[in-house]
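Engineer: In numbering that gives the first Met the number 0, the protein residues as written are 0 to 263. We treat Cβ as the ideally placed atom computed from N, Cα and C, and that holds for glycine. Keep in mind it's a predicted model, so treat the numbers as computed, not measured. The structure's right below; bear with me while I get my questions together.
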Amino acid sequence: MYDTLLYTILISKGGSKMFKSVKNSIALLLMMIFLISLGTPSNVEANSFNELKENKARVQITKEKIIENEDYLSTSEDITDIKLDLLNVQVPYNAKDIDVKYIEKDDSVTAVILDKKTNEEIDIYTEQFEDEEIKNSAANNTVWRTLFRSKTYKPAAVEVGVRVQIWSSGSFRQFNKIQDAWQRPGNSGKYTLKSTRTFNNNKLPATKISINASGIIEVATNENITGTWSISSLKKYGFSISAGSKKTYYARKHYNNDFIFSLY
């Protein structure tokens with residue numbers, strides 16, 4: 000109807016060629032308006048995604064290489080995924096600030112997290128396998144793995160362990176059971192762990208598990224002790240100092256950390 004009316008108006012003024020020219024111009028104008036209206040939101044969305052990808056990308060580190068892509072996007076850039084064997088662990092560090100050294104043995108894979116500036120150990124993650132006899136006799140596609148995390152709290156360290164049952168079929172895997180979780184001193188030294196609490200708040204089955212470990216590192220020291228475990232050094236490391244009996248001082252430091260690992 001619109002074309003007929005326009006054609007009539009133009010013919011009355013004497014020109015079918017003008018009709019075709021005006022019709023084509025109007026069609027082109029309408030198409031440009033339509034494309035612009037569609038393009039604006041899409042461009043905004045694309046820019047937002049690229050910005051997120053650039054500023055918030057999470058990195059997965061493996062023994063062979065570093066992987067960076069949209070599969071590892073996170074709301075925080077201070078998260079790095081570390082690949083062990085079956086399990087991945089999430090560490091609360093920017094990949095730019097750490098180096099990872101792998102140690103492989105017959106019954107375990109260990110990832111040592113190093114501060115890139117100082118080359119000091121920050122965290123150690125180990126995935127330990129069951130004995131071959133136990134693994135091969137496992138029924139219903141299940142295996143057992145024990146994961147250890149040793150975190151440094153200078154000059155002490157706290158090791159958290161958790162033993163899990165994993166069900167696997169094809170490309171699908173899940174945690175079926177958490178048998179046990181515990182804490183213990185992570186190195187030799189003049190300290191003990193007090194008021195430890197290892198908390199599992201996971202609904203199983205699941206593909207990701209978080210274990211919370213908290214407690215107090217306590218050091219008994221005195222004014223005659225020098226070096227790493229001296230009162231002045233412990234103060235420098237953030238320990239609070241209180242006087243005990245018979246010239247003994249107690250240095251204490253509270254810790255509270257989540258221990259996150261997943262199967263994908």
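Would you report the Cα separation of Lys62 and Lys82, rounded to the nearest angstrom?
Structural biologist: In the sequence shown, the residue the question calls residue 62 occupies position 63. In the sequence shown, the residue the question calls residue 82 occupies position 83. Distance between the alpha carbons of Lys62 and Lys82: 8 Å.
Engineer: Verify the contact flag: Glu103, CB atom, against every heavy atom of the ligand FMN, threshold strictly below 7 Å.
Structural biologist: Here there are no bound small molecules, and the ligand FMN is not part of this structure.
Engineer: Using a Cβ-Cβ distance under 8 Å, would Glu222 count as near chain D?
Structural biologist: Of the protein chains in this structure there is only one, and it is not chain D.
Engineer: Give every residue of the same chain whose Cβ lies closer than 8 Å to the Cβ of Val43, excluding the five residues on either side of it in the sequence, and list them in chain order.
Structural biologist: One-based indexing of the sequence shown puts residue 43 at position 44. Any answer about Val43 is weak, because its pLDDT of 29 lies below 50 and its placement is not dependable; what the coordinates show is given next. Excluding sequence neighbours, Val43 sits near nothing in its chain.
Engineer: What residue range is occupied by the uninterrupted beta strand (DSSP E) comprising Ile210?
Structural biologist: Here residue 210 is taken as the residue at index 211 of the sequence shown, counted from 1. Residues Lys207 to Thr220.
Engineer: Hey, which unbroken runs of the beta strand (DSSP E) at 3 residues or more fall wholly within the stretch 80 to 138?
Structural biologist: Whole beta strand (DSSP E) segments, 3+ residues: 87 to 90, 97 to 104, 107 to 114 and 120 to 128.
Engineer: As a quick exercise: from His253, Val142 and Ala219, pick the residue whose alpha carbon is nearest that of Ser213.
Structural biologist: Locating residue 213 in the sequence shown gives position 214, counting from the first residue. When only C-alpha atoms are compared, the closest one is His253.
Engineer: Per DSSP, which one or two residues make a beta bridge with Phe260?
Structural biologist: Counted from its first residue, the sequence shown places residue 260 at position 261. Looking at the DSSP assignment, Phe260 forms a beta bridge with Val88 and Ile208.
Engineer: So for Ile224, helix, strand or coil by DSSP?
Structural biologist: For the purposes of this step, residue 224 is taken as the residue at position 225 of the sequence shown. Coil at Ile224, not helix or strand.
Engineer: Less than 8 Å between the beta carbons of Phe147 and Gln127, yes or no?
Structural biologist: Looking up residue 147 in the sequence shown gives position 148. Looking up residue 127 in the sequence shown gives position 128. Yes. Within cutoff.
Engineer: Have a look at Asn211 and Asn255 and give me their C-alpha separation to the nearest angstrom.
Structural biologist: In the sequence shown, counting from the first residue as 1, residue 211 sits at position 212. In the sequence shown, counting from the first residue as 1, residue 255 sits at position 256. Cα-Cα distance, rounded: 7 Å.
Engineer: Could you tell me the distance, in whole angstroms, from the CA atom of Ile215 to the CA atom of Val157?
Structural biologist: Stepping through the sequence shown from its first residue, residue 215 is reached at position 216. Stepping through the sequence shown from its first residue, residue 157 is reached at position 158. Answer to the nearest angstrom: the Cα atoms are 10 Å apart.
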